[in-house]
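Below: the structure, in structure tokens.
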Amino acid sequence: MSEFAPTPAAHVHDLAALRFNNRYARLPEHFFTRIAPQPRQGTRLADVSPDCARLLGLETPLTSDASSEEALEQLRLLMAGEQLLPGMDALAQKYTGHQFGHYNPQLGDGRGILLGELETDHGKTFDLHLKGAGRTPYSRFGDGQAVVRSSVREYLASEYMAALGIPTSRALALAVNAERVQRETVEPGATVLRVCESHLRFGHFEWLAHSGRHEDLKTLIDHALREHFAECLPEHLSECLPKELTEPLPEGGAQAAADQPLADQPHTDQPLTDQVRVTSALAMFETVITRTAKLIAAWQAYGFVHAVMNTDNMSLLGLTFDYGPYAFLDGYEENLVPNHTDQAGRYGFAQQPGIGLWNLERLGIALSPLIDVEALSAALGAYEGELQREYARLMRARLGLPDARDEDMTLVQQWRELLAAGKVDHTHAYRLLSHWDVTQPAPETLVVRLAGERGPHGNSAQARDEASAWLARYQARVLAIGLSAEDERQRRLAMLGCNPLYVPRTHLLLEVIARVEQGDDTTLKALRQRLTAPFFRPEEGSLEAALELGQAQGVDAELVDDWTRPPAANAAPICMSCSS
């Protein structure tokens, strides 16, 4: 629980007036190293996400023409590493983790710095983390910098995933600087201001367990429970805490407590009792399992490949985290591996559910000095069922199946096989299907598109027959529900609202990156606008207008937008590097 009153951030026009509640910085100092960002010369603010600003209650100072100039300059200076905001307590976190299946004890924040934890007017606290902030004690041989290529990709993907409703870290802003950074080639430098409810990783717990720091492990578990998993603590926590933590607030209530100097406030970092810790930590582990299963189910349903699912990249809160050489499916390909470092395909698209479980097992091992191994193992048994249930729910929504029937997952599997046979564009396939009024025969355009153009059967009579056969099964399944004309319209609107028109395609991101490197941020802003409202074109402006366009001009009418363009049919697959 927070020991400060929430910040009235919605009324803040000066970023220096923001209030920070730096909870991680109050852990033992060997958990981190206090360090300031390194200044970056020639920094320009390339873009600010209005949606993320709104999340933090900062839309007025950062996006209003009347009052933005001073606040934007404060933000630019922050991202340039030239000036921290009052109340920030910058630090680099220590953690370890398993990378490509092998434990690496030499990890930590090597190019990112946790600047502070911002408390908003609705009582939530968010980490502000500057990526590309410079070298830290955990940089090893790295230079501590980030480049435009990786920064644009993280900035846009974070905000897109949030628009889809998939749990994710966020990105408030992207800045470009005059640094020249050596990667495979020399690239321009950049910073991203990442926003996250917590940066706790599986690797934080692995570090303490593998190094035998069991008392510190208890401290970190207590911190995680109090700050992020309070629902896992006993309902009447007062029975488990020292007396001074349960005394009434001073006269004036929470605000009076908040106004006390920090040294005079009650400490909330007193250890839990062993019994409460064990019971609550097991409940926390069960929650992490559920969140991770649901997260990876969403990745599979939406065709997202994280590509570097090392345990140090796994969020304890079940968030998509540390965007590296990720990709979204273009032509449907179960075994897509977009990371050219991953020669064995460990982190390919189809492998993600299994890797999620493997990573959770590593977290369980890290908790095993304190929790019974059999209890941890039993908890892991829930993972597969949670993942399958969430995947089925999401796929029914994407396919517009209003009720649940036993045969649905067979229909889903046949759909995936159809897309794979012709390497049909994953995003377009769902969007086209969303426009079909199933009370009418399937449009020829839909049949031809689902037959595919790049696979061995593309545009053949056999491929069209297979597409028509699946569409007939799908039509019969939907019509069996007995929908009215208005029900059918609402069904398609719901599909359009969960099947995006836009997706961060790798080849489009590369085009944007090239423009940003040349000093032109207009395409960055244009793509960000579409990715943060991905379910209709800006010119339509609503799902209803998108539906009407499809009815009037055909199921593929909206695909004329250049930002919906898939890669050329003969284009070679693009693999990205882990380097950022």
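In the numbering used here, the protein residues as written are 360 to 939.
All residues carry an ideal CB built from backbone N, CA and C; glycine is no exception.
Quick caveat: nothing in here was measured; it's all calculated off a predicted structure.
#1: For chain C, check one thing: does any of its Cβ atoms lie closer than 8 Å to the Cβ of L883?
#2: Can you name the residues that DSSP bridges to V407?
#3: Quick check on the burial criterion: 16 or more other C-beta atoms within 10 angstroms. Buried or exposed for S509?
#4: Rounded to the nearest angstrom, what separates D410 and V732 at their Cα positions?
#5: If you draw a straight line from the alpha carbon of E428 to that of G416, how long is it in whole angstroms?
#6: Give me, in chain order, the residues of the same chain whose beta-carbon lies closer than 7 Å to that of L791; leave out the 5 immediate sequence neighbours on both sides.
#7: Taking its Cβ as the centre, do 16 or more other Cβ atoms sit within 10 Å of T632, making it buried, or is it exposed?
#8: Rounded to whole angstroms, what is the Cα-Cα separation between D880 and D406?
#9: May I have the straight-line CA-CA distance separating I872 from T865, to the nearest angstrom?
#10: Please go through the same chain and pick out, in chain order, the residues whose beta-carbon is closer than 8 Å to the beta-carbon of Q711, but skip the five residues on each side of it.
#11: Starting from the C-beta of Q458, find all residues in its chain whose C-beta is less than 6 Å away, skip the five residues before and the five after it, and write them out in chain order.
#12: Does the Cβ-Cβ distance between E556 and L676 come in under 8 Å?
#13: Below 6 Å CB to CB, which residues in the same chain sit around R494 once its five sequence neighbours on both sides are set aside?
#14: Check whether the region 447-458 touches the region 550-564, counting contact only when three or more Cβ pairs, one atom from each stretch, lie closer than 8 Å.
#15: Which one of R752, S674 and M754 has the shortest CA to CA distance from N718?
#16: So what does P897 bridge to, in DSSP terms?
#17: With 16 as the cutoff for other CB atoms within 10 Å, does L838 come out buried or exposed?
#18: Using only the alpha-carbon positions, how far apart do Y497 and G471 sit?
#19: Is it buried or exposed, S570, if we count other Cβ atoms within 10 angstroms and call 16 or more buried?
#20: Can you tell me where the alpha helix (DSSP H) with P547 in it begins and where it stops?
#21: Less than 8 Å between the CB atoms is what I'm expecting for L957 and L374, so what's the real figure, rounded?
#22: Exposed or buried, which one is A904 when buried takes at least 16 other CB atoms within 10 Å?
#23: Please list the terminal residues of the continuous beta strand (DSSP E) segment that includes Q799.
#24: Use the C-beta contact count for A439: other C-beta atoms within 10 angstroms, 16 or more gives buried, fewer gives exposed.
#25: Taking the straight line between their C-alpha atoms, what separation do you get for L489 and R924?
#26: What's the C-alpha gap between D581 and E441?
#27: Can you give the beta carbon distance from T402 to A412, rounded, assuming they're within the 8 Å contact cut?
#28: Do Y682 and L523 come within 8 Å of each other at the CB atom, strictly closer than that value?
#29: Kindly indicate which three-state DSSP category Y327 falls into: helix, strand or coil?
#30: Which one of Q773, L867 and G856 has the shortest CA to CA distance from L906?
#31: Can you tell me whether D468 is helix, strand or coil according to DSSP?
#32: Between E692 and the rest of its own chain, which residues show a CB-CB distance below 8 Å, the 5 nearest in sequence each way excluded?
#33: With 16 other CB atoms within 10 Å as the buried threshold, where does K884 fall?
This is what the structure holds:
#1: Of the protein chains in the structure, only one exists, and it is not chain C.
#2: Translated into positions along the sequence shown, residue 407 becomes position 48. In DSSP, V407 forms a bridge with A532.
#3: Along the sequence shown, read from residue 1 onward, the residue named residue 509 stands at position 150. Counting Cβ neighbours within 10 Å, S509 comes out buried, since at least 16 surround it.
#4: Here residue 410 is taken as the residue at index 51 of the sequence shown, counted from 1. Here residue 732 is taken as the residue at index 373 of the sequence shown, counted from 1. C-alpha separation (whole angstroms): 43 Å.
#5: Sequence index remark: in the sequence shown, residue 428 carries index 69 (1-based). Sequence index remark: in the sequence shown, residue 416 carries index 57 (1-based). In this structure, the alpha-carbon of E428 lies about 17 Å from that of G416.
#6: Within the sequence shown, the letter at position 432 stands for residue 791. Closer than 7 Å at Cβ, skipping near neighbours: L805, R808, V914 and D915.
#7: Here residue 632 refers to the residue found at position 273 of the sequence shown. So T632 ends up on the exposed side.
#8: Taking the first residue of the sequence shown as position 1, residue 880 is located at position 521. Taking the first residue of the sequence shown as position 1, residue 406 is located at position 47. Cα to Cα, D880 sits roughly 8 Å from D406.
#9: Working through the sequence shown from its first residue, we reach residue 872 at position 513. Working through the sequence shown from its first residue, we reach residue 865 at position 506. Cα-Cα distance, rounded: 10 Å.
#10: As a first step, residue 711 is located in the sequence shown; it is residue number 352 there, counting from the start. Contacts found: I655, W658, Q659, V664, H665 and M668.
#11: Your numbering for residue 458 matches position 99 in the sequence shown. Closer than 6 Å at the Cβ level, and outside the excluded window around Q458, lie N669.
#12: As a position in the sequence shown, residue 556 is number 197, starting the count at 1. As a position in the sequence shown, residue 676 is number 317, starting the count at 1. Taking C-beta atoms as the reference points, E556 and L676 count as a pair closer than 8 Å.
#13: Translated into the one-based positions of the sequence shown, residue 494 becomes position 135. For R494, the CB contacts under 6 Å within the same chain, skipping 5 residues up- and downstream, are G503 in chain order.
#14: The count of Cβ pairs closer than 8 Å, one atom from the region 447-458 and one from the region 550-564, reaches three, so the stretches are in contact.
#15: Residue mapping note: residue 718 aligns to position 359 of the sequence shown, counting from 1. Residue S674 is the option with its Cα nearest to N718.
#16: Counting from one through the sequence shown, the residue named residue 897 turns up at place 538. In the DSSP output, where bridge partners are listed per residue, P897 has none listed.
#17: Counting from one through the sequence shown, the residue named residue 838 turns up at place 479. The residue is exposed, with fewer than 16 neighbouring Cβ atoms inside 10 Å.
#18: The sequence position of residue 497 within the sequence shown is 138, counting from 1. The sequence position of residue 471 within the sequence shown is 112, counting from 1. Roughly 10 Å separates the two Cα atoms.
#19: Translated into positions along the sequence shown, residue 570 becomes position 211. When all chains shown are included, S570 counts as exposed.
#20: Numbered from 1 along the sequence shown, position 188 holds the residue referred to as residue 547. No alpha helix (DSSP H) contains P547, which is instead part of the beta strand (DSSP E) from V545 to C555.
#21: Since the displayed the chain opens at 360 and closes at 939, residue 957 lies outside it and no answer follows.
#22: Reading the sequence shown from its first residue, position 545 is the one you call residue 904. By the neighbour-count rule (16 or more Cβ atoms within 10 Å), A904 is not buried but exposed.
#23: Numbered from its first residue, the sequence shown carries residue 799 at position 440. Here Q799 belongs to no beta strand (DSSP E), and DSSP marks it neither H nor E.
#24: Translated into positions along the sequence shown, residue 439 becomes position 80. Counting C-beta atoms within 10 angstroms of its own C-beta, A439 has 16 or more neighbours from the protein chains shown and is therefore classed as buried.
#25: For the purposes of this step, residue 489 is identified with residue 130 of the sequence shown, where counting begins at 1. For the purposes of this step, residue 924 is identified with residue 565 of the sequence shown, where counting begins at 1. The alpha-carbon atoms of L489 and R924 are separated by roughly 32 Å.
#26: Counted from its first residue, the sequence shown places residue 581 at position 222. Counted from its first residue, the sequence shown places residue 441 at position 82. Spanning the two alpha carbons is a distance of roughly 35 Å.
#27: Position 43 of the sequence shown, counted from the start, is the residue given in the question as residue 402. Position 53 of the sequence shown, counted from the start, is the residue given in the question as residue 412. That belief does not hold up - the Cβ atoms of T402 and A412 are roughly 19 Å apart, past 8 Å.
#28: One-based indexing of the sequence shown puts residue 523 at position 164. One-based indexing of the sequence shown puts residue 682 at position 323. Against a cut-off of 8 Å, the Cβ pair of Y682 and L523 comes out as no contact.
#29: As displayed, the chain neither begins before 360 nor continues past 939, which places residue 327 out of reach and without an answer.
#30: What you label residue 906 is simply residue 547 of the sequence shown in a count that begins at 1. Of the listed residues, the one whose Cα sits closest to L906 is G856.
#31: Residue numbering aside, residue 468 sits at position 109 when the sequence shown is read from its first letter. The three-state secondary structure of D468, taken from DSSP, is coil.
#32: Residue numbering aside, residue 692 sits at position 333 when the sequence shown is read from its first letter. Cβ neighbours of E692 beyond the five flanking positions: F708, A779 and K782.
#33: On the sequence shown, position 525 is the one that residue 884 refers to. With fewer than 16 other beta carbons inside 10 angstroms of its own, K884 counts as exposed.
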